[in-house]
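Our numbering applies: residue 138 is where the sequence shown begins, and numbers increase by one.
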Amino acid sequence: MKNVFAPGCALLIYKPHLAKRILEFLNDEYGNVQEHITCCKHEHSLEVSTQIINTCPGCDRRYRELNQGISTISLWELLAKSKNYMFPDYKGQKMSILDACPTRNKERVHEAIRAILNKMNVKIIEPEKTRTKGTCCGDSFYGALPVDEVKELMRKRASEMPHEDVVVYCVSCIKSMHIGGKKGRYLVDLIFNEETVPGVFEPDQWHAQLDEFIKEH
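Listed below in structure tokens is the structure:
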């Protein structure tokens, strides 16, 4: 079975150097893992039986739903089992967690992410609506609702987080938590001990940036 790593458009916009570091880890751990940067919304030329390793929950869902003979696995499932990765120690720092919409029925992903947070000595403060009962950060409604209503949904979901710091594993969730007044802690940043920055966060600007990147990839 051939393995490829699909960092996803959002991570490549956000911090491409971390996508490179993930690829380096995967090659060290599993050998000859190639990078796949064709957007999940476009046709690809991957061989049947290829396994796509991804960080983006949306990419994972689209690859699985749109491609026969292609399997997917999240980076988080691999990291949770790794005996070699040197995780940073957050010394019991408290953080809430926001589960991404596309993983709502993926309990194995929820478990893997929490296992990683435990390895990093993060004390998880779960919100009331979490895991399979989690609700959207608001961003999925972009394009279906007026932007002001989308931002109100973002503020509502952020207000449900019991702690100021909120672990997210979707780049758009970083933006939503920022708009809602919370501090997103992106899991890719956490595993490399980097600060999470909101960057471009206004929904119209962020989605324009995404659309432009997708056109080119």
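Cβ coordinates follow ideal geometry from the N, Cα and C atoms, glycine included.
CA nearest to the CA of residue i, picked from the options
{"i": "Asn140", "options": "Ile189, His300 and Cys177", "result": "Ile189"}
{"i": "Lys178", "options": "Leu203, Pro194, Ile262 and Leu160", "result": "Leu203"}
{"i": "Glu332", "options": "Trp213, Ile311 and His247", "result": "Ile311"}
{"i": "Lys131", "options": "Val287, Val284, Lys157 and Gln230", "result": "With the chain covering 138 to 354 only, the question about residue 131 has no answer from this structure."}
{"i": "Lys266", "options": "Tyr279, Val284 and Cys238", "result": "Cys238"}
{"i": "Val287", "options": "Ile316, Met232, Lys260 and Thr269", "result": "Ile316"}
{"i": "Ala345", "options": "Met314, Asn330, Ala217 and Ser309", "result": "Ser309"}
{"i": "Asp348", "options": "Lys319, Arg268 and Cys176", "result": "Cys176"}
{"i": "Glu339", "options": "Cys273, Val284 and Arg322", "result": "Val284"}
{"i": "Thr372", "options": "Cys274, Asn330, Gly318 and Leu183", "result": "In the structure as shown, the chain begins at 138 and stops at 354. Residue 372 is therefore absent and cannot be evaluated."}
{"i": "Ile351", "options": "Asp326, Phe142 and Cys146", "result": "Cys146"}
{"i": "Lys218", "options": "Ile234, Arg199 and Val246", "result": "Val246"}
Backbone secondary structure at residue i - three-state DSSP
{"i": "Ser313", "result": "helix"}
{"i": "Phe162", "result": "helix"}
{"i": "Asp302", "result": "strand"}
{"i": "Phe278", "result": "helix"}
{"i": "Gln205", "result": "coil"}
{"i": "Gly195", "result": "helix"}
{"i": "Tyr222", "result": "coil"}
{"i": "Ile328", "result": "helix"}
{"i": "Tyr323", "result": "strand"}
{"i": "Val308", "result": "helix"}
{"i": "Gly174", "result": "According to the sequence shown, residue 174 is Ile rather than Gly. Three-state DSSP puts Ile174 in coil, outside helix and strand."}
{"i": "Lys157", "result": "helix"}
Sub-8 Å separation of residue i and residue j beta-carbons
{"i": "Pro264", "j": "Met298", "result": "yes"}
{"i": "Val304", "j": "Leu290", "result": "no"}
{"i": "Pro144", "j": "Thr192", "result": "yes"}
{"i": "Ile253", "j": "Trp213", "result": "yes"}
{"i": "Thr269", "j": "Glu244", "result": "yes"}
{"i": "Glu172", "j": "Leu160", "result": "yes"}
Assumed close pair residue i, residue j - CB separation to whole angstroms, cut-off 8 Å
{"i": "Ser211", "j": "Asp197", "result": "6 Å"}
{"i": "Asp236", "j": "Gly271", "result": "4 Å"}
{"i": "Leu163", "j": "Ala156", "result": "About 11 Å separates the two Cβ atoms, so there is no contact after all."}
{"i": "Ser277", "j": "Ala295", "result": "With a Cβ gap of about 15 Å, Ser277 and Ala295 do not count as contacting."}
{"i": "Ile174", "j": "His354", "result": "6 Å"}
Start-to-end residues for the alpha helix (DSSP H) that takes in residue i
{"i": "Ala237", "result": "Where Ala237 is concerned, there is no enclosing alpha helix (DSSP H), given that its DSSP letter is neither H nor E."}
{"i": "Lys288", "result": "Val284 to Ser296"}
{"i": "Phe350", "result": "Pro340 to Glu353"}
{"i": "Leu183", "result": "Leu183 -> no alpha helix (DSSP H), and no H or E assigned at all."}
{"i": "Tyr151", "result": "Cys146 to Tyr151"}
Span of the beta strand (DSSP E) around residue i
{"i": "Lys270", "result": "Lys270 -> no beta strand (DSSP E), and no H or E assigned at all."}
{"i": "Asn255", "result": "Asn255 -> not in any beta strand (DSSP E); alpha helix (DSSP H) instead, spanning Glu244 to Lys256."}
{"i": "Lys260", "result": "Val259 to Ile262"}
{"i": "Asn140", "result": "Asn140 to Ala143"}
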